[in-house]
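Sequence lines, in order, name chains A and B. Going by the numbering used here, the first sequence wraps up at 607, each residue one higher than the last. Going by the numbering used here, the second sequence wraps up at 607, each residue one higher than the last.
2 protein chains.
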Amino acid sequence: MVEELDPRKKRILRAIIQEHIISASPIGSRTLAKKYNLDVSPATIRNEMADLEDLGYLEQPHTSAGRIPSDKGYRYYVDELIRDNSRKAPGMLNNIEDLYQDLQDVQDIISGMAKMLSNMTHYTAMVSEPKSQVSRLSKVEIMQLADNSLLLVLVTDAGMVNNKIINLDQKLSARKLSYINRFLSEKLESRLLAELNHAYLNELEKELLTRLDLSFELFKQFYNEFEGAFEPGGVKVYLGGTSYILEQPEFNDLARLKKMLKLLDQEEMLNKIINSISGSDLAIKIGQENEVEDIRNCSLVVATYYISNRAVGKIGVIGPTRMEYPRVISSVNVISDILSKLISKASG
Amino acid sequence: MVEELDPRKKRILRAIIQEHIISASPIGSRTLAKKYNLDVSPATIRNEMADLEDLGYLEQPHTSAGRIPSDKGYRYYVDELIRDNSRKAPGMLNNIEDLYQDLQDVQDIISGMAKMLSNMTHYTAMVSEPKSQVSRLSKVEIMQLADNSLLLVLVTDAGMVNNKIINLDQKLSARKLSYINRFLSEKLESRLLAELNHAYLNELEKELLTRLDLSFELFKQFYNEFEGAFEPGGVKVYLGGTSYILEQPEFNDLARLKKMLKLLDQEEMLNKIINSISGSDLAIKIGQENEVEDIRNCSLVVATYYISNRAVGKIGVIGPTRMEYPRVISSVNVISDILSKLISKASG
DNA sequence: GTTAGCACTCTCGTTAATTGAGTGCTAAAA
DNA sequence: TTTTAGCACTCAATTAACGAGAGTGCTAAC
Numbered sequence: 260m261v262e263e264l265d266p267r268k269k270r271i272l273r274a275i276i277q278e279h280i281i282s283a284s285p286i287g288s289r290t291l292a293k294k295y296n297l298d299v300s301p302a303t304i305r306n307e308m309a310d311l312e313d314l315g316y317l318e319q320p321h322t323s324a325g326r327i328p329s330d331k332g333y334r335y336y337v338d339e340l341i342r343d344n345s346r347k348a349p350g351m352l353n354n355i356e357d358l359y360q361d362l363q364d365v366q367d368i369i370s371g372m373a374k375m376l377s378n379m380t381h382y383t384a385m386v387s388e389p390k391s392q393v394s395r396l397s398k399v400e401i402m403q404l405a406d407n408s409l410l411l412v413l414v415t416d417a418g419m420v421n422n423k424i425i426n427l428d429q430k431l432s433a434r435k436l437s438y439i440n441r442f443l444s445e446k447l448e449s450r451l452l453a454e455l456n457h458a459y460l461n462e463l464e465k466e467l468l469t470r471l472d473l474s475f476e477l478f479k480q481f482y483n484e485f486e487g488a489f490e491p492g493g494v495k496v497y498l499g500g501t502s503y504i505l506e507q508p509e510f511n512d513l514a515r516l517k518k519m520l521k522l523l524d525q526e527e528m529l530n531k532i533i534n535s536i537s538g539s540d541l542a543i544k545i546g547q548e549n550e551v552e553d554i555r556n557c558s559l560v561v562a563t564y565y566i567s568n569r570a571v572g573k574i575g576v577i578g579p580t581r582m583e584y585p586r587v588i589s590s591v592n593v594i595s596d597i598l599s600k601l602i603s604k605a606s607g
Numbered sequence: 260m261v262e263e264l265d266p267r268k269k270r271i272l273r274a275i276i277q278e279h280i281i282s283a284s285p286i287g288s289r290t291l292a293k294k295y296n297l298d299v300s301p302a303t304i305r306n307e308m309a310d311l312e313d314l315g316y317l318e319q320p321h322t323s324a325g326r327i328p329s330d331k332g333y334r335y336y337v338d339e340l341i342r343d344n345s346r347k348a349p350g351m352l353n354n355i356e357d358l359y360q361d362l363q364d365v366q367d368i369i370s371g372m373a374k375m376l377s378n379m380t381h382y383t384a385m386v387s388e389p390k391s392q393v394s395r396l397s398k399v400e401i402m403q404l405a406d407n408s409l410l411l412v413l414v415t416d417a418g419m420v421n422n423k424i425i426n427l428d429q430k431l432s433a434r435k436l437s438y439i440n441r442f443l444s445e446k447l448e449s450r451l452l453a454e455l456n457h458a459y460l461n462e463l464e465k466e467l468l469t470r471l472d473l474s475f476e477l478f479k480q481f482y483n484e485f486e487g488a489f490e491p492g493g494v495k496v497y498l499g500g501t502s503y504i505l506e507q508p509e510f511n512d513l514a515r516l517k518k519m520l521k522l523l524d525q526e527e528m529l530n531k532i533i534n535s536i537s538g539s540d541l542a543i544k545i546g547q548e549n550e551v552e553d554i555r556n557c558s559l560v561v562a563t564y565y566i567s568n569r570a571v572g573k574i575g576v577i578g579p580t581r582m583e584y585p586r587v588i589s590s591v592n593v594i595s596d597i598l599s600k601l602i603s604k605a606s607g
């Protein structure tokens, strides 16, 4: 499928893609010959372009327009043609780290990094919360707020904090409460969230009921929250720079823009999008390669971030297929590194 | 400024506004005569329209277009012409309450109500978090997560929960921790947040330092969070139904749309918008009446919501001046009632 | 005070003409 | 054999012209 192209074809393909990234419109042989030093005439370029089209790297929106890169073209560009100056924006890393080092709430860090990434790339950025399935519960505690209301606090080793207010119809004595707390600590803390399934919680409930005559009420609410808060599909996705979409000429079409914005409004969709990306370190999905139908005219550049070397979440950028890949790739790399560091620090 | 209009003028003005709300385009005398039973000829209507224009209730986009309502026209409509069938959508209230009664996390309730309101009105809804200045702190607690990391939990009587992870360079003994907790409870709980200013916290710090040889570190972080979390201007604003803007023909203009979406991206702006609304129960700001420049072509319908009769937050709708006021007003009323109830319940 | 009639204005949508960028092909040059 | 120049052709996009339609303001009659 991926043939080796001769050097001239490579040069021409690269030039077309770079030009198209700038202009967002079809590129003709003439423009190309003028702007890039290819040392051949437009006619030759035309021939090469025809070849590249036959091979599937280019497309023609209509006869007598120039060519635009196809998904396959972008793919080739990303895999083969980008010079590796994209590894890292140098000193930057330290500066940003400094800037954000007093952000210690995990949620803040995440949404801050989403904003940062979108600012750097001028595309919309998305970051998913640390995945719960590989996290452990590091703290469970129920606090008394008032006679009939409690606060349940759950903390994972990824530093994610979840809380819920629970109202009871009866007062819970301090003795009972501290008993429950000890019990839950013992049974739940330092376990993988994935282990804490329905069955296990049910078991706990029975056990607790035999020891204390406790109404179902508390427990029911307790694990409603539990399952809700940490269920696999339900992680939050933070967005940054939604309005950058508006600057992309491909979204000058109102219908398309509408579709896109509606999409970004739906959290489940975002989840699907960002989680449909396989586990590799940096993944790039171009156009039709995307699983989610509605973004088949977009590209994703997504990296995984880590807490103490455990993969926990995704951070990435979504934009038109005509994307400034080198810059975006380097930014996503940088920011995912920073995110990993910050979040590892924050979660102790 | 607000003259009394004769009955026929009133009827015509109302008809024009209602028609314009539906069609979003200028209304001519002919259409009006046909669609509404006004029992006069187009010519008469033309004369009346000319009068209404002179009085400032109508505008003409250009000669030989129909008329559209001016801000003043809408204002008159809202104040005088809406029949009071807008008080309440009947059985609805109970249903929604039932639907949401198991939502007990305040943040969830708020964002749920934002979504609900936007679904009902098909405009963008905004809800501000309970204002902190009139809330009391009902619970302060520091929990140990690991040797050198703590979790600070703050709960207000409005049910708002805030937490922050604090990392220390030294280990804090259990004795010291429980001492601090008692101390903070005593000094802080059930106080108005407004009282907990820099000066007061400073005093506490000194007092605590004389009793325990505690590094500054903890306290510094502690009240960073404190001031950050509950500062007056910094309440969160939840949005619902952002994408409904796209359905309004007045935002078919890309430039305008862009401006609007950018605006909604900026939380400070949202704060400014929703907090610029005076304290009355239901406020309506039409076009130029808005303080924030960028929404001078929009209308706001905003209600206050309450926790146990104390005003704490705002909930409202933003849309084009051509807004279905009766329906929106009733929806905002209903939802703000529900929100008050739910949130009062949730916060015990 | 109301209405009919009429000339006038302005927008909007359609069609037609023009422009210009770009192609593919052929034949000559290298 | 490869490259290039030349030329006829295509098609989208812009502009101009035009007619239709909606609406107005004014005047004169009812």
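For each residue, glycine too, the CB sits at the ideal point set by N, CA and C.
Take the alpha-carbon of B/Q429 and the one of B/G575: they are about 48 Å apart. Just so you know, the alpha carbons of A/I532 and A/V337 end up roughly 20 Å apart. Using a Cβ-Cβ cut-off of 8 Å, B/D553 does not count as an interface residue toward chain A, since no Cβ of chain A sits closer than that to its own.
According to the DSSP assignment, B/I566 belongs to the beta strand (DSSP E) that extends over 557-566. Close to A/N511, with beta-carbon spacing below 8 Å, are these residues of chain B in chain order: L513.
A direct Cα-Cα distance of roughly 52 Å separates A/L317 from B/P328. Annotation: B/K446 has no Cβ neighbours in chain A at a cutoff of 7 Å; minimum Cβ distance is about 18 Å. Contact residues of the stretch 397-409 of chain B toward chain A are S397, K398, E400, M402, Q403, L404, A405, D406, N407, S408 (C-beta to C-beta distance below 9 Å). Against chain B, the CB of A/K531 has no partner CB under 8 Å away; the residue lies outside that interface. Distances from the CA of B/N407 to each of B/S377, B/L427, B/R581 were compared; the closest alpha carbon is that of B/L427.
DSSP places B/V414 in the strand class (E or B) of the three-state scheme.
Listed along chain A, the residues sitting closer than 9 Å to B/L505 by beta-carbon distance are L513, L516, K517, L520, K521. In the three-state reduction of the DSSP assignment, B/P328 falls in the strand class. Using beta-carbon distances, B/V386 does not count as an interface residue toward chain A, since no partner is under 8 Å. When C-alpha distances from A/L541 are compared across A/K294, A/D416, A/R515, A/V591, the shortest belongs to A/V591.
A direct Cα-Cα distance of roughly 34 Å separates B/S432 from A/G572. Taken through DSSP and simplified to helix, strand or coil, B/R581 comes out as coil. Beta-bridge partners of A/R395 (DSSP): A/L451. Restricting attention to alpha helix (DSSP H) runs no shorter than 4 residues, the stretch 496-555 of chain A encloses them at 513-524, 526-534, ordered along the chain. When rounded, the separation of the alpha-carbon atoms in A/S539 and B/I281 is 52 Å.
Classified as exposed, A/Q547 has fewer than 16 neighbouring CB atoms from the shown chains inside 10 Å of its CB. B/V576 has B/A384, B/V560 as its beta-bridge partners, per DSSP.
For B/N306, the enclosing alpha helix (DSSP H) covers residues 301-314. With its beta carbon less than 8 Å from one in chain B, A/S502 belongs to the interface. Residue state for B/Q366 is assigned as helix, using DSSP reduced to three classes. Inclusion of B/G578 and B/T383 in the CB contact set at 8 Å is warranted, their separation being smaller than that value. Under DSSP, B/S408 takes part in a beta bridge, and its partners are B/A405, B/N426. Bridge pairing for B/V420: B/V414 [DSSP]. Here the stretch 517-535 of chain A makes contact with the stretch 544-558 of chain A; the two share three or more CB pairs at distances below 8 Å. Contact residues of the stretch 405-434 of chain B toward chain A are A405, N407, S408, L410, V412, V414, G418, V420, N422, K423, I424, I425, N426 (C-beta to C-beta distance below 8 Å). Distance from the Cα of A/S567 is smallest, within the candidate group A/P389, A/L498, A/I341, for A/P389. One Cα belongs to B/I369, the other to B/Y565, and the distance between them is close to 13 Å. DSSP lists no beta-bridge partner residue for A/A283.
Following the DSSP letters along the chain, one finds A/S288 inside the alpha helix (DSSP H) bounded by residues 288-294.
Excluding its 5 nearest sequence neighbours in each direction, A/L463 has C-beta neighbours in its own chain below 7 Å: K446, listed in chain order.
Secondary structure of B/E400 (DSSP, three-state): strand.
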